[in-house]
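Beneath this line is the structure, given in structure tokens, with notes to follow.
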Amino acid sequence: MAQGNEEEDHERLVEQWKVRKLIKRLSEARGNGTSMISLIIPPKGQVAQVNNLLLQEHGTASNIKSRVNRLSVLSAITSVRERLKLYNKIPPNGLVIYCGTVVTDEGKEKKLSIHFEPFKPINKKLYLCDNKFHVEPLQKLLECSSVFGFIIMDGNGCLYGTLTGNHCEIKHKFSVELPKKHGRGGQSAVRFARLRVEARHNYVRKCAELATQHFITGDRPNVEGLVLAGSASFKHELNKSDIFDGRLK
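The working numbering numbers the first residue of the sequence shown as 417 and each following residue consecutively.
In structure tokens:
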């Protein structure tokens, strides 16, 4: 398992290195007019919706007065649409497309088309036609790669999630029905009190076990830190529980 973690870390570093190289290549590229298109679609984007946007942009571009620029922009939009056709739906981490006509060091024009799913979710939505590619959202992908976990629990249930930069992901959640306080006296009250304590203990136990399941991989935590939130009494009880994995404290 530990070896698997090392391989994942290595793969993540390789992906980051690839993005850095790509950012350098794209940021140095320049074109004539506004024929360089930067399109970034977040994970929840819809292919049909983006395609409609491109159709509208194609119609608008048809009115560009400069014939050379008009043809270059129309060609770039067509290239973007061709790349979009390769996807039935937007990938889990979103979709990045750069298409356009760039000017080489020799002064010649060359078509450039790049499309890929980023190595982690990209939440920026972007569509720009310019004389350069806009790589700012890609740069933000590299700013924060630390993953923090959080647990929110109260008397109604528990939720587990992670936060990376501005991206929040829900890992798991479940509801619980704990016995209410019993208003009657006598033996009945004692019995209900005991049932309440047992139910609460079992609930905290389940929360602790699921915390290990979601935030421990192999022999170590898979998050930089863990935040406990929600009801003060419940999160305090979880943190003090012997069942709660000490590696997460």
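Note that beta-carbon positions come from the ideal geometry of N, C-alpha and C, so glycine has one too.
Since we're looking at a predicted model, the values are computed, not measured.
Looking only at Lys622, Arg446, Arg612, the smallest Cα-Cα distance to Lys526 is reached by Arg446. Taken atom to atom, the span from the alpha-carbon of Asp661 to that of Leu502 is near 45 Å. In the three-state reduction of the DSSP assignment, Ile439 falls in the helix class. With a cutoff of 8 Å on beta-carbon distance, Leu470 and Arg497 are scored as near each other.
Closest by C-alpha distance to Thr578, out of Met569, Gly565, Phe590, Gly571, is Gly565. A distance below 8 Å separates the beta carbons of Arg612 and Pro595.
Here Cys584 is exposed. Its C-beta has fewer than 16 other C-beta atoms within 10 Å.
The straight-line gap separating the alpha-carbon atoms of Arg663 and Met569 is approximately 19 Å.
If you look at Glu585, you'll find it isn't in any alpha helix (DSSP H); it sits in the beta strand (DSSP E) that goes 583-591. Just so you know, the alpha carbons of Gly516 and Leu490 end up roughly 10 Å apart.
Buried is the label assigned to Glu473, since at least 16 other Cβ atoms lie within 10 Å of its Cβ. Under the three-state reduction of DSSP, Pro637 is assigned to strand.
In this model, Ile586 and Leu487 are separated by some 45 Å (Cα to Cα). Two segments are said to touch when three or more pairs of C-beta atoms, one from each, lie closer than 8 Å; by this definition the region 550-561 does not touch the region 633-652. Judged by DSSP secondary structure, Leu558 falls within the alpha helix (DSSP H) whose first and last residues are 552-559. Look at Thr494 here: in three-state DSSP terms it is helix. Per the coordinates, the alpha-carbon of Lys656 lies some 48 Å from the alpha-carbon of Asn504.
Excluding its 5 nearest sequence neighbours in each direction, Phe532 has C-beta neighbours in its own chain below 7 Å: Val512, listed in chain order.
Rounded to the nearest whole angstrom, the C-alpha separation of Thr450 and Lys622 is 57 Å. Secondary structure of Ser604 (DSSP, three-state): helix.
It is roughly 10 Å from the alpha-carbon of Ser604 to the alpha-carbon of Arg610.
Secondary structure at Phe549: coil, using DSSP grouped into helix, strand and coil. Within the same chain, Cβ atoms closer than 6 Å to the Cβ of Pro458 are found at Gly510, Asn539, Lys541, the five residues on either side in sequence being excluded. With contacts defined by Cβ atoms closer than 8 Å, Ser443 and Val551 form a contacting pair.
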